[in-house]
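In what follows, a structure is listed as structure tokens, so that the remarks can point back to it.
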Amino acid sequence: VCKGSMECFLNVCRTQSVYVTSVKTQSHRSFFIMPSRSDKLGFILTRQRGSELKMSGSCWCEKCFSEENVFLNQHLNRSIEPFLSATTSLTEDEYDWWRHLQSNRHNFSYFKETIDKLFKIISPTPVLEKPKTEGCRTCAVVGNSVNLKGSHYGPLIDFQDIVIRINRGPTKGFEEDVGARTTHRVMYPESGSILDNSTHLVMVLNPAFMKYVHQKWLGKKGKYPSTGFMTLISALHICDEVHAFGFGADSNGSWSHYWQPMKSKKFKTGPHPGKQEYAAIDKLADENTIYFYKGN
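No gaps in the numbering here: position 216 of the sequence shown is 370 in our numbering, and each next residue is one more.
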């Protein structure tokens, strides 16, 4: 028996292999999650109230997505919804792709029963701000690369409307390079903390979207996309203008994090196709689709 809606939500997640944790941002918290991948694919995006995301519509930015962005238009598919809702039609093929990343490989019926339980607790429809008729919503997607050290990007990051950080990437003590503001945070369960009942507006990333990023954007390279790359592609779907920081290896080819002592210059990306992800980001920048800040 659970005492509150958030406790009920967590109980469902624990018993049905959809893992959720969160971090505290400000006084009001909300978050997005991705279903678990090998017990590690449950990404969460915490949100501070007042920093609503929206599906991209009319763009009044200095740099907007257009037909001239060839690479973007070859890969971007707006028909695939980033977030799961109670009415999302997930195919068995899409589910099977996601299921093979899991340690507990339950069947499709089990998955649907789990989703039905979740949407009795959380909002059945993603809560997204309607597109503006004018204006420009700018987003900073802040990765965790060691190349942020000494970059002095902090003020530029904080200047953006939305500041999305990845996993445990800290700001305290690193403000000059990574900024101090955080409006959203994307993570998987191991990199978060337990939710409390003041957390709200839960949204689950669509497994079909995850499959689309892996297959369309990365050509099926690697086992699955990194949290950072998944976040960047999500930003292309919900932001008017995207600024990417902290992606890629340093000059030694190490993929270390900016806040951690460098234990090895050969730190790699594990199951993630780091080189393919970086090449895709670089191509988006070359076509002036995004602003890409490569650091040191």
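Think of the CB as a built atom: it goes at the ideal place given N, C-alpha and C, for glycine as much as any other residue.
Quick check: residue i and residue j, are their CB atoms within less than 8 angstroms of each other?
| i | j | result |
| --- | --- | --- |
| Q314 | C290 | no |
| E248 | K429 | no |
| V332 | V296 | yes |
| W409 | P324 | no |
| E441 | N223 | yes |
| S380 | E431 | yes |
| D312 | R335 | yes |
Figure out for me which residue from the options has the closest Cα to the Cα of residue i.
| i | options | result |
| --- | --- | --- |
| P280 | L359, Q228, T268, N301 | L359 |
| Y342 | A334, I320, E329 | I320 |
| L302 | T241, H260, C215, H411 | H411 |
| I318 | L390, E267, P361, N258 | L390 |
| E216 | Y445, N450, V224 | Y445 |
| N133 | G376, Y307, K365 | Because the chain spans 155 through 450 in this model, residue 133 falls outside it and cannot be assessed. |
| E329 | L310, L255, E221, R259 | L310 |
| T241 | D250, L255, I269, K377 | I269 |
| A362 | W214, N223, S233, C213 | S233 |
| H368 | E221, C213, L255, D312 | L255 |
| M357 | I275, Y264, N227 | I275 |
| G382 | G373, G400, K326 | G400 |
| H229 | G373, L244, S257 | G373 |
| R259 | E267, D250, K266 | D250 |
| S263 | L272, G327, E246 | E246 |
| K377 | K266, W252, N227, C213 | W252 |
| N231 | D404, F273, I392 | I392 |
| S243 | D404, K266, L272, I316 | K266 |
| L99 | W214, I316, K271, F273 | For the chain, the structure presents residues 155 to 450; residue 99 sits outside this window and is missing. |
| D404 | M384, Y447, T443 | Y447 |
Check the C-beta distance from residue i over to residue j and give it rounded, since I have them as a contact under 8 angstroms.
| i | j | result |
| --- | --- | --- |
| G402 | S299 | 6 angstroms |
| K375 | P427 | 4 angstroms |
| L438 | F219 | L438 to F219, Cβ: 10 angstroms. No contact. |
| W371 | A434 | 6 angstroms |
Name, in chain order, the residues that DSSP records as bridge partners for residue i.
| i | result |
| --- | --- |
| A398 | V295, F446 |
| H254 | Beta-bridge pairing links H254 to no other residue. |
| L359 | F237 |
| H391 | According to DSSP, which records beta bridges pairwise, H391 is partnered with nothing at all. |
| H411 | S299 |
Taking Cβ positions only, does residue i come closer than 8 angstroms to chain D?
| i | result |
| --- | --- |
| Y432 | Absence of chain D from the displayed structure is noted, only one protein chain being present. |
Open item on the list: Check whether the segment 393-406 and the segment 232-249 are in contact - that is, three or more C-beta pairs closer than 8 angstroms.
Closed with: They do not touch, by the three-pair rule.
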